[in-house]
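Residues in the sequence shown are numbered consecutively from 2, following the numbering used here.
A virtual CB, placed ideally from N, CA and C, is assigned to each residue, including glycine.
None of the values given here were measured: they were computed from a predicted structure.
Notes to accompany the following structure.
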Amino acid sequence: MPEVTYEQLTELFTKNEEVSERVHSFVNQYFRDYHYPGWNIIDGAKRWLEDYFFLLQAPIRAASLGGFILHKNDKKICYINTWHPRIYQYFVLFHEVYHILSSSSHDDNRRQPLHLIESTIDDDLEERAADYFASIVLMDAREVRSFYQTLHEEDCFEKKIFLTMNRFTSPYKAVLIRLFELNLIDDQQISSHFDKIFDWEATAKEYGIDPYNFQRSGHISFGRLLDKMKQSDMPDIVNESNYDVYIQVKNYFEKIAKDG
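Okay, structure coming up:
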């Protein structure tokens, strides 16, 4: 959520209240019916998407593109832009999970074939609901309260926020919003820090935090796509052509990751 500004927060909190009941019902549904027991939050969601849909992960140098969902016939293809720091990738991951869970309740005539996930605030309540879903899944209220209240009083405010970002693998502004809604920080704190700009990796290191979650991964994975191609009953010449395209695309993303 890097483009949301402090001036937009009143509107954002209003939207959160409007979608709260619906979002919490989907959170409960996800953990009850879909999240694999024994798996952590992130890997469990990726495994579910890979098992039942298509999950593509690759870097594209586009600051505003977090990912997209492509609806193709009865298939759903989820893409996550790994050019972004991991904390943003994980947020996009659960944004997409929400849209998959909620898509069955939409009229197919209203559903867009390609849904882009961008960094700006969106007037569509479903987009706000998807962000709110990601926030709640990644930052359980009880765990956030327990964690934040055990941070050292002598630590500066920004260090506390970065520690919380690292613990819950969530973006800076999403963390501030969640802490404010849980009454763990006040209006003066959120207003004076919300629009600040950081070098995520450098600031994490400055505060003695492992920068892993604040770094770009550049990870490239096409999930089950290659397996599906191998299982295809298409003529050999078509399969060979498809495989050549697959290799070209894979090499393209690998070059981006290497040059980055």
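Among the candidates the options, whose CA atom is the shortest distance from the CA of residue i?
i, options, result
"residue 86", "75, 57 and 212", "212"
"residue 46", "79, 167 and 128", "79"
"residue 214", "169, 223, 174 and 190", "169"
"residue 147", "158, 165 and 39", "165"
"residue 206", "191, 219, 171 and 163", "163"
"residue 221", "58, 210, 15 and 149", "58"
"residue 210", "193, 172, 167 and 190", "167"
"residue 200", "37, 172, 14 and 219", "172"
Enumerate in chain order the residues of its own chain whose CB-to-CB distance from residue i is below 7 Å, with the five nearest sequence positions on each side excluded.
i, result
"residue 179", "136, 140 and 145"
"residue 27", "99, 102, 103 and 134"
"residue 23", "130"
"residue 16", "126 and 129"
"residue 160", "208"
Can you round the beta-carbon distance between residue i and residue j to whole angstroms, since I take them to be within the 8 Å contact cut?
i, j, result
"residue 196", "residue 7", "5 Å"
"residue 177", "residue 142", "Going by Cβ atoms, the distance from residue 177 to residue 142 rounds to 15 Å, so no, they are not a contact pair."
"residue 185", "residue 20", "That pair is no contact at about 21 Å."
"residue 48", "residue 40", "6 Å"
"residue 70", "residue 77", "6 Å"
Looking only at its own chain, which residues have a Cβ that is under 8 Å from the Cβ of residue i, when we skip the five neighbours before and after it?
i, result
"residue 96", "67, 68, 118, 131, 132, 134 and 135"
"residue 44", "none"
"residue 63", "82 and 84"
"residue 37", "45, 48 and 49"
"residue 18", "none"
Could you spell out the range, first to last residue, of the beta strand (DSSP E) harbouring residue i?
i, result
"residue 82", "76–82"
The alpha helix (DSSP H) with residue i in it runs from where to where?
i, result
"residue 189", "188–194"
"residue 198", "Per DSSP, residue 198 belongs to no alpha helix (DSSP H) and is neither H nor E."
"residue 90", "87–104"
Whose C-beta lies closer than 6 Å to the C-beta of residue i among residues of the same chain, with five residues either side of it excluded?
i, result
"residue 202", "212, 215 and 216"
"residue 191", "177 and 181"
"residue 218", "83 and 87"
* **Ordered list of beta strand (DSSP E) runs contained in the region 14–70, each at least 3 residues** => 55–59
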